[in-house]
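Only one structure is covered here, and it is reproduced in the block below.
Numbering (the numbering used here), first residue to last: 40 to 445.
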């Protein structure tokens, strides 16, 4: 008999992921595969979005439950965000953008899991979501029947230590994350942790037609006839876009362009101070840089297909960035860093991996120059990436997930 599994998502990005989001893309991949294999009775909670609701109607084996956000909740969040950004001058003001909305969604989830008896729950990546267990005696009801899918380190427990300690198993995107949570919570039992490697839809990233590539180039004003170095990710300081931009200016590789793909917050038109800073740094070589802004996730395979080299120099403990996995899956040469869980996904055969230190910009300069001039090295990295990612499939991701929760 199939298990009924409810996946509790962030509370601010819709599913299906019509507005992007790395975690959302992974959850959607489970739903996509479940349409084919139908091994789970799957329920996914999501904030309401008109387009997401339309797409959800195509799924027979997944029940999407949408929470429409009241106007008052949206207003309160805007007020909180304004105060944090403009009055309190919080460095990470976007972290306060959807606080009330998330609380609202948590309450809706709490009521639903009280009224419906799911076999197991999966909480996606934010300790606040576990607050749903603190209402209506849900903790007692689901004791020993809920997982925490950790895509990041736990830096704040939000008063939910009890519920974190009651997790059946932590599903972690890398051993780095498993070790971090183990240390944070003081859990020494290794069986409490299991690593579920992130994957992407390999068919989408390996097979892109010339027609799609040409359409993509026109849409985002990406020229032909140049070596294209591409950064893809959220534009915040931790991802290293500034260091890359400084290095690119200094290296100034001939007949090349730098593509900066992404925004501070997926699916949002909000501009951060960091994005403004990047624009200033690139002002004097603006004709050599393409700032695409946020790219629809369905178009992401085209971004990799038109690029020659991916550059993802994370300077924080990046757990398992999808951009790295997408690059290798697409068979692209990659420049990245010894950051968090990244070395668990790549090695020196399929990527140039740089240490995070004071010499990062200079090392990026050397790496950009080397790959711009050495086509044989690019081909070697491409072939190694394709070989490594042969078993990186959405089917294997689904199968591994089902084995854990099933």
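Note that beta-carbon positions come from the ideal geometry of N, C-alpha and C, so glycine has one too.
Segment contact, 8 Å Cβ cut-off, at least three pairs: the stretch 158 to 168 with the stretch 181 to 200: yes
Pairwise C-alpha distance: residue 428 and residue 440: 18 Å
3-residue-minimum beta strand (DSSP E) runs that sit fully inside the stretch 309 to 387, ordered along the chain: 328 to 332, 348 to 351, 373 to 376
Proximity to residue 458 [Cα-Cα], best of 409, 77, 384, 81: Here the chain comprises residues numbered 40 to 445, so residue 458 is not present and cannot be evaluated.
Beta-carbon separation (whole angstroms), residue 157 vs residue 82, contact threshold 8 Å: 7 Å
Burial state of residue 181 (16 or more Cβ within 10 Å): buried
Residues near residue 135 in its chain [Cβ-Cβ closer than 6 Å; skip 5 each side]: 119, 120, 123
Range of the contiguous beta strand (DSSP E) that encloses residue 188: 185 to 189
Three-state secondary structure (DSSP) of residue 94: helix
Cβ neighbour criterion (16 or more within 10 Å) applied to residue 305: The pLDDT assigned to residue 305 is 47, lower than 50, so where the model puts this residue is not dependable, and the model offers no usable value.
Any 3 or more C-beta pairs closer than 8 Å across the stretch 88 to 99 and the stretch 193 to 207: no
Cβ separation of residue 283 and residue 329, assumed to be a contact under 8 Å, to the nearest whole Å: At roughly 13 Å, the Cβ-Cβ gap does not stay under 8 Å, so residue 283 and residue 329 are not in contact.
Assigned secondary structure, residue 408 (DSSP; H/G/I helix, E/B strand, else coil): helix
Length of the line joining the Cα atoms of residue 445 and residue 267: 44 Å
Residue 169 beta carbon less than 7 Å from that of residue 202: yes
CB contact flag (residue 300, residue 407, <7 Å): no
Which of helix, strand or coil DSSP assigns to residue 79: strand
Cβ shell of residue 148 (< 6 Å), same chain only, five flanking positions each side left out: 47, 84, 171
Limits of the alpha helix (DSSP H) - the one that residue 254 falls within: 249 to 259
Opposing strand residues paired with residue 163 [DSSP bridges]: 188
Per-residue DSSP class, three states only, for residue 103: strand
Same chain, Cβ closer than 7 Å to residue 313, five either side skipped, listed in chain order: 274, 275, 276, 303
Three-way DSSP call (helix, strand, coil) for residue 293 in this model: coil
Member of 420, 281, 326 whose CA lies at the smallest distance from the CA of residue 404: 281
When 91, 140, 107, 129 are compared against residue 115, the one with the closest alpha-carbon: 140
Contact under 7 Å by Cβ, residue 365 with residue 239: yes
C-beta atoms of residue 144 and residue 247 nearer than 7 Å: no
Presumed contact (8 Å Cβ cut-off) between residue 400 and residue 285, rounded CB distance: 5 Å
Whether residue 354 touches residue 395 by CB criterion (7 Å): yes
Contact belief for residue 297 with residue 327 at Cβ below 8 Å, rounded distance in angstroms: 6 Å
heavy atom of the ligand NAP below 6 Å from residue 149 C-beta: No copy of the ligand NAP occurs in the structure displayed, which carries no ligand at all.
Alpha carbon of residue 339 to alpha carbon of residue 179, nearest angstrom: 43 Å
Bridge partner(s) assigned by DSSP for residue 300: 271, 332
Residue 127 - DSSP class collapsed to helix/strand/coil: coil
Close Cβ partners of residue 65 (< 7 Å) along its chain, the five nearest in sequence each way excluded: 237
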